[in-house]
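So the structure is just underneath, and the comments pick up after that.
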Amino acid sequence: MPQEGQPAQVTTPSDALERGGLAASEGRGPGGNEGPKDQDETGGSSLQRRSYAAAVRSTNGAAAGANPTDTGAARTTLSGRWRPRERHLLLATLSKDWSVASKHSLTEESEQLRIVALADSEVHQDHALRQRTEQETKALLAYLNGNLELPHAPTFLKATMPLLQRAMLEQFHETHMEVTLTADVSPRAKLRRNMTHIALFAQLYEANADSTRGRAMIDRMMDDVKMLHFDGIHTLNFVFNSRRIARHYLGMAFHLQGVCIELEDSDSVATEGTLRQAQLRRQYAVRVCGAGQLGLVTLIATLQQLDGVHIVDAERPRLDSTEIIDNRFITIHFMGTDCPTTLRGVTKIDMGDSLITLHHHLTQPRLPCGRCYAPFHTTGFCKANPSQLERSHTKYCRRFDGRIPNYQVGAAVLYKDSDGDSLATFLETLQGEVTDELATSPRSARLEKQDVHSVEGAPVATTEIADRATRRDDSIGAQTEPRSSSGPSEATHLQHQDYEVAKTGSTTAQLVRSRGKRIGNESTCQGEQQRQSHRAEDPAKAAGIHELHSCEGTR
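Sequential numbering of the sequence shown, starting at 2, is according to our numbering.
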């Protein structure tokens, strides 16, 4: 416990904001988290920006000498480059009153039921359960009917319900009580799938806590958001305890690592077979470039033949003029939040006369390379070795093996009808022609991986090429090297060495030089072996030579 006159230990950003003369007795409103004033709001002296970690570690909280009468006026400017719509959303979010607590006003009876529901309870095994009291039963019914807002299922269930029934109500709370708002995250923000709740909040604090209102906003969010997690693709999930709290954040925007994220409701139950715009944005999508010669109808009909590819929507770009960077593409939305297995890692599809490009824009911010087809960089930054281009093409490019329908739009006069029924009949006829053509295909469509063609001087990395080199060397070794009676031939030993060199990725020239060096080494070893064998054949002569050398050494 801190001594008198010393500040208390800071453990949360809220504690940090309470220091520095902003306590409740000094003008802080109930639930407010007003902090020191920044220069960009009033033009006065600014305080050094503090990180989330520094606020937690510091025992002084906010900087000393903060103005206790600071009201945190709404900002009118933002640092960084933002589109007009993003700037409007960010400023509108900051202008809200974040000093008001989000607690629900309860009647005296509801407050009493809440205390009963959240009181600590013992855990009883299934054979030792007790009966619920009248107050507990009333609290449970009010909770299930939605009249009592709780952060979790009532705790007295641990003593009054069997384990499996408690699990049912826990899952009920997760499914029907908690509400999730989602935000689409640009791939320019480098987030990881396994980032923890506090790590994501630290990122939000770093990006938004550059003003008094920004710090109050993040402090309020930490109280209201029960769980924050990233799906690893493009969706950031904000889980709230109730729809009442989630409704307060609906449509708000925050900036994170230089991108703007907007909270929207994508979990509300819609009519079966329909997707609202917020739900459609959660589905996986790709941008297809270079499909102008095929046309939208042919492209959709062709891709839908692939296994696991279910397209729910396709359209040309519908962008505001301030958001256009390059609109020469077609956006295709698939059913599901993950990329179809058939198209994972594929950036090019060869469709006969057309080579289309798949830009996985939800995970890769840049167009795939037009030289090596890699999705990680553009053509101007490609550093791939020319000898490796064909191998890279094989990795990222596929050839469509199936029927490609031939569809023509026709003259404009064909679409001019006097009533809706005749127009519907005309369009159904056109659709039938496309589907009937696909139905006559003798086999299902698929994407085939193209084979690697051997190139002169290309690295040897396949067993087939290594085996061909081994067979050539085997014929040479059989003519030049004698076969040993005590073991395998020297040519067999050279084959194994050639294969080892091939596995290391050496070029053909390196393979030849290595083989020539080994042949020279083998010849030297064989000459030494022959000299030793001659000495062994004539022991008397060898002894005489040894005696002669000894005499010369004595003289």
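Ideal Cβ positions, reconstructed from N, Cα and C, are used throughout, including at glycine.
Sequence-distant partners of histidine 105 (beyond 5 residues in either direction) whose C-beta falls short of 7 Å from its own C-beta, in its chain, are Glu150 and Arg245. Rounded to the nearest angstrom, the gap between the Cα atoms of lysine 159 and phenylalanine 335 is 43 Å. The closest CA to that of histidine 362, considering only Lys139, Ala190, Met169 and Ala129, is found on Ala190. For methionine 222, the enclosing alpha helix (DSSP H) begins and ends at 213 to 225.
Per the DSSP secondary-structure output, phenylalanine 335 pairs in a beta bridge with Ile312.
Ranked by how close their Cα comes to the Cα of histidine 198, the residues Ser187, Arg447 and Asp224 have Asp224 in first place.
Counting only runs of at least 3 residues, the region 119 to 184 fully encloses no beta strand (DSSP E) element at all.
With a 10 Å radius around the Cβ and a threshold of 16 neighbouring Cβ atoms, arginine 115 comes out buried. Rounded to the nearest whole angstrom, the CA to CA distance from leucine 300 to threonine 358 is 12 Å. In the three-state reduction of the DSSP assignment, leucine 201 falls in the helix class.
Annotation for valine 260: the continuous beta strand (DSSP E) segment containing it runs 260 to 266. By the Cβ neighbour-count rule, tyrosine 416 is exposed, with fewer than 16 other Cβ atoms within 10 Å of its own.
At the C-beta level, cysteine 290 and phenylalanine 330 come within 8 Å of one another.
From the listed residues Phe382, Asn238 and Tyr144, the smallest Cα separation to glutamine 113 is found for Tyr144. For a cut-off of 8 Å, the C-beta gap from glutamate 179 to asparagine 242 is around 6 Å, short enough to register as a contact. Between alanine 217 and serine 100, the C-beta spacing is below 8 Å. Just so you know, the alpha carbons of tyrosine 397 and asparagine 148 end up roughly 55 Å apart. Using a Cβ distance threshold of 8 Å, alanine 184 and leucine 237 count as a contacting pair.
Counted as a single uninterrupted DSSP element, the stretch harbouring aspartate 420 is not any beta strand (DSSP E), since DSSP gives it neither H nor E. In the three-state scheme derived from DSSP, where H, G and I count as helix and E and B as strand, serine 355 is classed as strand.
Considering only Asp327, Leu257, His311 and Gly309, the residue with the shortest C-alpha distance to arginine 317 is Asp327. Taking the CA atoms as reference points, valine 117 sits about 28 Å from phenylalanine 239. The continuous alpha helix (DSSP H) containing glutamate 87 extends over residues 85 to 95. Leaving aside the five residues that flank valine 298 on each side, the residues in its chain whose CB is nearer than 7 Å to its CB run, in chain order, Tyr408 and Val435. Separation of glycine 353 and isoleucine 262 (C-alpha to C-alpha, rounded to the nearest whole angstrom) is 40 Å. Threonine 348 counts as buried, since no fewer than 16 other beta carbons sit within 10 angstroms of its beta carbon.
Beta-carbon to beta-carbon, arginine 288 and threonine 332 are separated by about 6 Å, close enough to satisfy the 8 Å threshold.
Judged by DSSP in its simplified three-state form, arginine 288 adopts strand. Taking a contact as a CB-CB distance under 8 Å, the pair threonine 395 and glutamine 451 counts as one, their CB atoms being some 5 Å apart.
Separation of the CB atoms of threonine 176 and aspartate 268 is rounded to 10 Å, and the pair is thereby denied contact status at 8 Å.
In this structure arginine 447 is in contact with glycine 403, their Cβ atoms being roughly 7 Å apart against a cut-off of 8 Å. In the three-state reduction of the DSSP assignment, isoleucine 301 falls in the helix class, which pools H, G and I. In this chain, the alpha helix (DSSP H) harbouring alanine 247 covers 244 to 250.
Distance between arginine 277 and arginine 319, taken at the CA atoms: about 16 Å. In the structure shown, threonine 78 falls within a coil segment according to DSSP collapsed to helix, strand and coil.
Within its own chain, the residues whose Cβ lies closer than 7 Å to the Cβ of threonine 342, once the five positions on either side in sequence are excluded, are Gly309, listed in chain order.
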